[in-house]
Every structure is written in structure tokens, then in C-alpha cells.
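Novice: The numbering of the sequence shown is my numbering, which starts it at 21 and goes up by one. Cβ coordinates follow ideal geometry from the N, Cα and C atoms, glycine included. Keep in mind the model is a prediction, meaning the values are calculated, not measured.
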Amino acid sequence: MTEVVTVVGRCEPSDVLANRLDPWHGSWLHPYSFANLRVLSVPSPADDRFLVEVAYRVGGRFGVPVTAEFSCPGPRTVVMRIMDGDGSGSVVETHATPLGAGPDGAPRTAVIEATLAYSDHPSFLVARAAAPLLRPLIRRAAIRLWRDDLDYAERRYQLRTR
């Protein structure tokens, strides 16, 4: 199952990346989506990635525990892969693309995020069949997360450029 979302913020790509690469922000900034976050490893010079355990909330207090890897294969790209747990093999790829200055002279950055959801769990066959109904929900969840994340990135930009 796939979905692509694009949102635009009043900030620079580095502000978006700082948000996406802050492993702790997930459960602090998005408690409605993430719980029980634990950082397992942080990047070292030899291994440019970090691993987290987190429960992705799928309804109220119910969460799906996963181990996720975050890495940067390009200068303005962050890739999150589900390494273990339900959805293992799923990928969320985020690109922070500079758009130039807006009418107020401040920079604008497009956040383009592609979600490629996969699971070998038998229930995922039902989810794939219901993909046309589920895509708007995936899209809505991604936009909600990025609305919060852009607040973080825009505030960071504002503080950096005072």
C-alpha cells in the first residue's frame, strides 16, 4: 500500500531534517500516534543510522510495537524502515526540497513523504483489498503528523534566524 503527501513549510531543509532526525520527538510531539519510544542506538562514524523501538498507535490505547531504523541516503533525505514487528519491510521516505523564498522573503521547503506499507501478516491481505478506503486515512495521519512537525521546523528556523 502506498501514499505520497506533500506539505510546505516556512523554513529551510535543515530544519525539517533536524525534526525528522530527533528520535525523541515522536512520542513527545505526537502522543496520539506514538508511545513507549526507546532509542536503541545512535549514529556512529561507522554506522550512519539510529534504531528505535516504538509503539505506533492504531486506536486509543492499542499500539503495534516495531523496531525502526532511520538513515540518510542523501543530503536532504531521511528513510525510516520497519526492521522488526508488524509491518516489517515498510518504508517511509522523506525529502526536504528547497523551494526558494516566499513572498515574505523567508525560505519555503516542500516536505515530500512517501509511505510504502507492507506486512506478511494475514490481516494485511484484507488491508490491501481495502486500500482505496485506507489511503485517505494514511494521508490524513501523515498530514496531521507533518502539521505538528512543521510547527517544530518553523519554530527552529525562527529561533535560528532572529
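Exposed or buried, T129, counting other C-beta atoms within 10 Å across all chains shown (16 or more means buried)?
Specialist: Its Cβ being crowded by 16 or more others within 10 Å, T129 is buried.
Novice: Once DSSP output is grouped into helix, strand and coil, what is the label at S47?
Specialist: Helix at S47.
Novice: Where does S64 sit, in a helix, a strand or coil, going by DSSP?
Specialist: If DSSP states are grouped into helix, strand and coil, S64 belongs with the strands.
Novice: Expressed to the nearest angstrom, what Euclidean distance is found between the alpha-carbon atoms of V131 and A88?
Specialist: Going by the C-alpha atoms only, they are around 20 Å apart.
Novice: Cα separation between T183 and A116?
Specialist: With the chain running from 21 to 182 in the structure shown, residue 183 is simply not present.
Novice: Relative to the C-alpha of V27, which candidate in C92, D168, A137 and P93 has its C-alpha closest?
Specialist: Selected option, being the one with the closest Cα: D168.
Novice: Please list the terminal residues of the continuous alpha helix (DSSP H) segment that includes E89.
Specialist: Premise fails: E89 lies in the beta strand (DSSP E), F82 to G94, not in any alpha helix (DSSP H).
Novice: Given that a residue counts as buried once 16 or more other Cβ atoms are within 10 Å of its Cβ, and exposed if not, what is W166?
Specialist: With 16 or more other Cβ atoms within 10 Å, it is buried.
Novice: When you compare only the Cα positions, how much space is there between D35 and Q178?
Specialist: Cα to Cα, D35 sits roughly 10 Å from Q178.
Novice: How is the alpha helix (DSSP H) around R101 delimited, first residue to last?
Specialist: Taken as a continuous stretch (DSSP letters only), R101 belongs to no alpha helix (DSSP H), being part of the beta strand (DSSP E) at T97 to G105.
Novice: Counting Cβ pairs, one atom from each stretch, are 3 or more of them under 8 Å apart for the segment 51-67 and the segment 140-148?
Specialist: Touching, no, given that fewer than three Cβ pairs across the two stretches are closer than 8 Å.
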